[in-house]
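Notes follow once the structure below has been shown.
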Amino acid sequence: MGELKLMKGNEALAEAAIRAGADAYFGYPITPQSEVIEYLMAEKPHERTGMVVLQAESEIAAINMVYGAAGAGKKVMTSSSSPGISLKQEGISYIAGAELPCLYVNVVRGGPGLGTIQPSQADYFQSTKGGGHGDYRQIVLAPASVQEMSDFVKEGFDLAFKYRIPVLILSDGVIGQMMEKVELFDPIPRWTDEEAIANSPWATTGKKNGTERRIITSLDLDSHKMEEHNIKLQEKYKEITKNEVRYELIDCDDAEYIFVAYGSSARIAQKAVQLARAKGIKAGLFRLITLFPFPTVKMREMCGKGIKGFLAVEMSAGQMVEDVMLAVRGCAKVEHFGRYGGIVHTPEEVLAALEQKIIGG
Amino acid sequence: MTEEIIIAGFGGQGVLSMGKILAYSGIMQDQEVSWMPSYGPEMRGGTANVIVIVSDERISSPILTTFDTAIILNQQSMDKFEKSVRPGGVLLYDPNGITRHPQRKDIKIYQIEGARLAAEMGNAKIFNMVVFGAFLKIKPVVKLENVIKGLKKSLPERYHKLIPLNEDAINMGMKNVVAL
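As you go down the protein sequences, you meet chains A and B in turn.
Quick note on numbering: the first sequence equals residues 0 to 360 in numbering that gives the first Met the number 0.
Quick note on numbering: the second sequence equals residues 0 to 179 in numbering that gives the first Met the number 0.
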């Protein structure tokens, strides 16, 4: 068993970055995720593993540092919260276009604009439908516990390098700020230069005699080549959709009503399942772990098995609910419930919404 | 066993750290725990609260609106959270600075003179541990030995010399809690 600690989600994530053998973290503080850079600065990872931690002059600088380090085959990450993530979108689109691996984290707060520092899940569209320009996708992991804030760092880096793609950990103010028991994984040594060169044969690690020049760019003025590049990207996204869907079903076996939720809303909906069952309502929870790829096939399959309705529970005005509708395609009732703008809904409100919008509606 | 608690008071009273010690103690006896603080403007305005859940099972929502126990350390928190205690639940408070005392008849109400006792012990900072002791007397959800283990694990070594003082404060709270 690994080391047990009581940590905030943000702290567990930062510790996991060091343990995952990250080479660098570039960031800029913003509530509610400032503990990430605070923890990293206090831990002095350059002394523990040689990892670089740098507070950049802005979020835009940070993501471009990520772009550069990723191009050199380094395990690199950044984190921010909603307004800061919006600033990073240009860089993310470039990283996706140039097919580079990186990990970034959004501890979501209420928007739009500077919004509020309280928790929210209103960045779902930005995260799953391309926050930057162009036909790109990224893998989106949605932790619902402090444990997953740690575990998904390791998993996120693995996926990023497996597919040469940006991986987003989409958290929120609740998961970032709360403390829970976390079992830390054993540290993985950072790659040596030789290992990094061997692991990333595409990276710009210095041209040697007899090797081809490597160019990392998202630009090609020949549209035919750019279309080919796009087709290749789409094939990669299909491959990811086939292989990497992750979800958790809680009390769904005999369920007639399903809450669909991720992150902190999944925790709240799980309590609503308990409250519903105590009243004799057969409710279950479909917890999304990957938001892209979305578990469309599984949701569609469940639909034919006696499910009378799905309630999408998210701290937004209704974003994820669209993907639920696309999955279910009219074979069962789908409604949305969520508080937003920084208000966290309660389990009682979630249950009441199920009773009013799905059962009674 | 699941115990859902809110601890609420002024920033600086040790509300968050009391919750943290409770959570750490739960870990020491292999329980699941969650600790969810108020953060941001609420905290910066002077009041602080934290929801702590200690359970034998996986914890669902870390955010709740009703509680088994409320530990209340100032008037604003009394006004806000007296109604959040579930019927049959526990409200523990320090009467120091409270002008509107709790009125409910369907819950168990306890007082601990935490501020006074801590001052008498010569260290106002152990106020939160006196209150914590009172809570443990009413609801022994974690064993004292696990609290001490939790303190050892969560405090940097240079503060370990303060653990006996904290233990005394807990005992002081256990002895002096009054059922109303």
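The C-beta atom is built at its ideal place from N, Cα and C for all residues, glycine as well.
Residues V141, L143, V146, I169, G172, M173 of the same chain have their beta carbon placed closer than 8 Å to that of B/L135, with the five preceding and five following residues left out of the count. A/N105 and A/G360 have their alpha carbons spaced roughly 35 Å apart.
The CB of B/A22 comes closer than 7 Å to the CB of L5, M178 in chain A, given here in chain order. For A/R47, same chain residues with a beta-carbon under 8 Å away, outside a window of 5 residues either side, are I17 in chain order. Counting C-beta atoms within 10 angstroms of its own C-beta, A/Y103 has 16 or more neighbours from the protein chains shown and is therefore classed as buried. Residues of the same chain with a CB within less than 6 Å of the CB of B/M27, apart from the 5 flanking positions on each side, are N145, K148, G149 in chain order.
A distance below 6 Å between beta-carbons, with the five flanking residues on each side excluded, links A/G90 to the following residues of its chain, in chain order: I62, N63, Y66.
Taking a contact to require three or more Cβ pairs closer than 8 Å, the segment 218-231 of chain A and the segment 244-255 of chain A do not qualify as touching.
An exposed status is given to B/D55, since fewer than 16 other beta-carbon atoms sit within 10 Å of its beta-carbon. In the displayed model, A/P118 falls within a strand according to three-state DSSP.
Taking 8 Å as the CB threshold, B/M128 stays off the interface with chain A.
Per the coordinates, the alpha-carbon of B/L15 lies some 23 Å from the alpha-carbon of B/M0.
According to the DSSP assignment, A/H335 belongs to the beta strand (DSSP E) that extends over 332-336.
Using a CB distance cut-off of 8 Å, A/Q273 counts as an interface residue toward chain B. In the DSSP assignment, A/Y66 falls within the alpha helix (DSSP H) that extends over 58-70.
Taking A/L5 as the centre and dropping the five residues before and after it, the same chain places the C-beta of M178, E179, K180, V181 closer than 8 Å to its C-beta, in chain order. Inter-residue distance for A/A260 and A/G340 is about 18 Å (C-alpha atoms, whole angstroms).
Under DSSP, A/G133 shares a beta bridge with no residue. According to the DSSP assignment, B/Q75 belongs to no beta strand (DSSP E) but to the alpha helix (DSSP H) extending over 74-80. In this structure B/L72 does not touch B/D105 by the C-beta definition: roughly 22 Å separates them, more than the 8 Å allowed. Taking a beta-carbon distance threshold of 8 Å, A/I257 does not count as an interface residue toward chain B. Taken through DSSP and simplified to helix, strand or coil, B/Q102 comes out as coil. Contact between the segment 131-138 of chain A and the segment 281-293 of chain A is present, with at least three C-beta pairs closer than 8 Å. For A/T127, the enclosing alpha helix (DSSP H) begins and ends at 123-127.
A/M148 places its beta carbon 8 Å or farther from that of A/S119. Secondary structure at A/P346: helix, using DSSP grouped into helix, strand and coil.
In the DSSP assignment, B/P155 falls outside any alpha helix (DSSP H), carrying neither H nor E.
A check of alpha carbon separations from A/I84 across A/P44, A/E227, A/D253, A/I168 identifies A/I168 as the nearest.
By the criterion of at least three beta-carbon pairs nearer than 8 Å, the segment 79-98 of chain B is not in contact with the segment 20-36 of chain B.
In the structure shown, the three-state DSSP call for A/N105 is strand. Contact with chain A is absent for B/K82, since none of that chain's Cβ atoms lies less than 8 Å from the residue's Cβ. Secondary structure of B/P86 (DSSP, three-state): strand. Using a C-beta cut-off of 8 Å, the segment 221-241 of chain A makes no contact with the segment 256-275 of chain A, since fewer than three inter-stretch Cβ pairs fall below that distance. Using a CB distance cut-off of 8 Å, B/I62 counts as an interface residue toward chain A. For the pair B/V51 and B/L21, the CB atoms are nearer than the 8 Å cut-off. Put simply, of B/V130, B/R157, B/A178, B/I137 the residue whose alpha carbon is nearest the alpha carbon of B/E166 is B/V130.
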